[in-house]
Amino acid sequence: MRTLALSFPGFSYEDLHNAERLAELTRRFYDTVRLADPALMERFDGYRETKGVGLRDVDISAILLDMAPHLSRFVAKLFGVENECREMMVRASREQIIFVFKREFVVRRVVRKYSTESVAGLNEARLTKQMDALLEGFSGVPHDDPELRISAVVTELLEHERFLKNPLPPASLEYLGMLAQRLAGREALKDLLPVEATEPALKHLLAEVMGVIERWVALQYYRRSAATEEWISFRLPHPVDYNHLVETHPLDGPVPDSNIGPAGHYRRRDGFDLTDPRFGPREVMSEIDYCIFCHERSKYSCSKGMKEGDAFKKNPLGYTLKGCPLNQKISESHVLKARGDSLGALALIIIDNPMVPGTGHRICNDCMKSCIFQKQDPVNIPQAETGILTDVLNLPWGFEIYSLLTRWNPLNIRQPHALSYNGLNILVVGLGPAGYTLAHYFLNEGFGVVGIDGL
């Protein structure tokens, strides 16, 4: 059995459950930030002293977003998971390549230029051969991830395509000349390749190559082969029909007017095994990319509700759009997740929602209903939240890291760490989400807690 040895001399795992030692850890963190960035710590000290009074919400968000990476690095060092956290950031950076491809190429070019009807006349077999030959001419792009591979090739070419209407800079001339050499001799591309490496000829090559990729992507987008049907870059938001939010089909049976959902959505119970597939890492990052980070604007509706005058707005179904009941820092956590800092993102979430394993996509979607996107698919905030938590739990000592952040979170100015036992005991009856959350807060306030529930 592995034993957790903390990286800070003088601290043991048992100390992470001791209120006095947590207070010392808090001071150590603040001293670390003060040494690394005195100006930032001065801003945070002002926030702590005033409890945010006189500060705009956007200013508080900025302070927390600047502090969170320091906390992330501090905790990663404490538990010895720095390499794993760096790997998460590298993966997030790679995923951004896909979202540039989706935004700049799929959405702004292919979907606008082509339709289901217009791709009907395209020669799929010829385009497939041309694409295979093209991809062989690119080195340094991942071969084990077709979506990332195509995205990397396109984003690389886009950097040079922007000069097509102007004289090519030397770097682009050199790049296209080398590309022509790498593609030379490929039968499927013989009609595209230039006879000589002049600037007009190289510009023509780039335009032809981009045309081939455009047509191939259009075919894949509208026809969806088995190889590309799960590509995130082809998933675009759809208009919301409030009269048809849930797909159902009439059910023939003894009960009149009965309906049933599509069979593809069924989840069969298998003992006590988890049957929830949840979003994969790329699906989560797609939702993060879709988010427009409303905390930077005046309409932070997912967290604080959608206002209409002094009251909350209602959607066409009459549902009051109050946003997250906890006023969770949703947008701020998305900013950090986009950078690959899931640990920092989780720390921000835990300020308002320490029992986050019980929420996510499992219980509520008030935030999603209040998303700024009211006429098209909203950001799937609950799945993004679950993804952030899962990233941390999948780290070595991931549960211990999460557990610590529920008792010790120096970004939480109301209570940065749990308090010592105050001699008072409390019985919590009923251990649903409200009960176990209440028990948690009582424990952090120093009460002794016993919880009971009837099963």
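Here the sequence shown is numbered in the working numbering, starting from 25 and rising by one per residue. Beta carbons are placed, not taken as given, at the ideal position from N, Cα and C, and that holds for glycine. In this text, all values refer to a predicted model and were calculated from it rather than measured experimentally.
Residues that DSSP places opposite residue i in a beta bridge
i	result
residue 338	344
residue 400	263
residue 273	284
residue 451	474
residue 331	336
residue 255	For residue 255, which the question treats as bridged, DSSP gives no partner whatsoever.
residue 432	441
Residue i, DSSP secondary structure in three states
i	result
residue 441	strand
residue 468	helix
residue 240	helix
residue 11	Because the chain in this structure spans residues 25 to 479, residue 11 falls outside the shown range and cannot be described.
residue 355	helix
residue 377	coil
residue 220	coil
residue 406	helix
residue 75	coil
residue 111	helix
residue 192	coil
residue 94	helix
residue 214	coil
residue 45	helix
residue 179	helix
residue 18	Outside the shown range of the chain, which is 25 to 479, sits residue 18, and nothing can be said about it.
residue 390	helix
residue 233	helix
residue 67	helix
residue 385	coil
residue 323	coil
residue 138	coil
residue 122	helix
Distance CB(residue i)-CB(residue j) smaller than 7 Å
i	j	result
residue 366	residue 65	no
residue 31	residue 101	yes
residue 441	residue 378	no
residue 149	residue 213	no
residue 121	residue 56	no
residue 361	residue 371	no
residue 354	residue 326	yes
residue 302	residue 410	yes
residue 257	residue 130	yes
residue 311	residue 221	no
residue 68	residue 87	yes
residue 429	residue 108	no
residue 485	residue 181	Outside the modelled stretch of the chain, which goes from 25 to 479, sits residue 485, for which no answer is possible.
residue 283	residue 275	yes
residue 405	residue 392	yes
residue 467	residue 474	no
residue 336	residue 350	no
residue 146	residue 239	yes
residue 317	residue 359	yes
residue 154	residue 236	yes
Whole-angstrom C-beta distance between residue j and residue i, which should lie under 8 Å
i	j	result
residue 91	residue 413	Rounded, the Cβ-Cβ distance is 20 Å, inconsistent with contact.
residue 342	residue 390	Not quite, the Cβ-Cβ distance comes to about 15 Å (not below 8 Å), so this is no contact.
residue 177	residue 187	Contact doesn't hold; Cβ gap of about 18 Å is too wide.
residue 124	residue 421	Rounded, the Cβ-Cβ distance is 34 Å, inconsistent with contact.
residue 329	residue 394	6 Å
residue 61	residue 264	The Cβ separation is near 43 Å, so there is no contact.
residue 218	residue 229	5 Å
residue 75	residue 375	Rounded, the Cβ-Cβ distance is 13 Å, inconsistent with contact.
residue 116	residue 291	About 29 Å; that fails the 8 Å criterion.
residue 134	residue 241	5 Å
residue 403	residue 314	5 Å
residue 226	residue 200	4 Å
residue 119	residue 309	5 Å
Residue environment, residue i, which counts as buried when at least 16 other CB atoms sit within 10 Å
i	result
residue 273	exposed
residue 53	buried
residue 278	exposed
residue 383	buried
residue 296	exposed
residue 142	exposed
residue 444	exposed
residue 423	exposed
residue 448	exposed
residue 244	buried
residue 425	buried
residue 167	exposed
residue 319	buried
residue 476	exposed
residue 289	exposed
residue 453	exposed
residue 433	buried
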